[in-house]
Structures are given as C-alpha cells and as structure tokens.
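Protein chains in written order, with our numbering: chain R, 1067 to 1152; chain H, 1067 to 1152.
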C-alpha cells in the first residue's frame, strides 16, 4: 500500500465517519422530519454501486470505505423510516 | 472510457444527486435543526481529499463525481449555518 492508497483511505474515512454525528443526532432527538429519505436512499444505493466499481478495479480503499459507508447510511434509512412513523 | 469507468460515473452520479432532494427540502422548509452540521462539514472535507486522490490516480470518475458532490455539500453546509442563525 503506497501513500496514494493511504490518502484514499483517509478520504474515505472522513466521508464514512461523517454520517456518525447525524446517526447520533437522530438517535438522541428522534427527529427526522427535516432529513430527506430520498437523499439517504439514493446515497445508499450509489454506495452499493461504488463497492461493485471498487471490486472491478481491485481498488481496496474504494471497497473498504464504501462498504462501511453503506452500512452507516443504511442505518440512517432505517432510522428515517422508523422515526417518521412515530 | 470502458464499462467500468461508466459504472464508476453512474455510482458517483447516484451519490452526487442524492444530496439534491436534501438541498431542495431545506430550501423549501428552512428547517435544519435535525440536520447535523458536523456530518456535512466532515463530508465536504472528505470529498475534497477524494478529489486529490482521484487526481493522483488519474481516475476521472472519482475526480468528476467528487467535484460535483463537493459543490452540493458545500451548499448544504452554507444552508445549515445560514438557516440555523434565523
């Protein structure tokens, strides 16, 4: 792994962890009305396609970071649907 | 440009356009309290690093899609700061 790969992992780490404060905020406040389900739905789908792209290009930073991002954003999709019902 | 590049552009397009419904929602409702500034701040920074990674790898789909994403998410950062004040 060279320094470019490490930069890719760092970039992916920033994008990936960025969703955590949003997950925590929604979990604490239970408020999701201002948040767009369309955004997190499309984002989660796009991340799944990024994972396929990473596999086809054998690009490890893309595969790893987008897989974790995918899980986090899927959690957001679940939270939005769950708390919107309440 | 081969089919893998096209897949990458498609993945990036999904992730990129995903923010549009959120921008529209905030613009219409002016409500940002449920939205995390930390999320969009960290995301925007991470996208900037992805652009650098794409340049170093000469990976066109990464450069193009993350540049557009960067602009959209910077708009969200501006909206959150602007409407939180009001």
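Glycine residues also receive a C-beta, built at the ideal position from the N, C-alpha and C atoms.
Beta carbon proximity, residue i to chain C, threshold 8 Å
i	result
residue 1137(H)	Protein chains R and H are contained in the structure displayed, whereas chain C is not.
Cut-off 6 Å between Cβ atoms - residues of its own chain near residue i, not counting five sequence neighbours on either side
i	result
residue 1131(H)	1078 and 1082
residue 1138(R)	1085
residue 1074(H)	1127
residue 1133(R)	1117
Residue i, DSSP secondary structure in three states
i	result
residue 1098(R)	coil
residue 1105(R)	helix
residue 1125(H)	coil
residue 1132(H)	helix
residue 1139(H)	helix
residue 1152(H)	coil
Buried/exposed call for residue i, threshold 16 Cβ in 10 Å
i	result
residue 1117(H)	buried
residue 1119(R)	buried
residue 1146(R)	buried
Residues near residue i in its chain [Cβ-Cβ closer than 7 Å; skip 5 each side]
i	result
residue 1121(R)	1129
residue 1126(H)	1071
residue 1136(H)	1110, 1113, 1114 and 1117
residue 1141(R)	1089
Other residues of its chain near residue i: CB distance less than 8 Å, five sequence neighbours each side excluded
i	result
residue 1152(R)	1096
residue 1109(H)	1139
residue 1150(H)	1098, 1099 and 1103
residue 1143(H)	1103, 1106, 1107 and 1110
Margin query: Quick check: the stretch 1097-1108 of chain H against the stretch 1090-1110 of chain R, are at least 3 beta-carbon pairs closer than 8 Å?
Written below: Counting C-beta pairs with one atom in each stretch, the stretch 1090-1110 of chain R and the stretch 1097-1108 of chain H have three or more that are closer than 8 Å, which means they touch.
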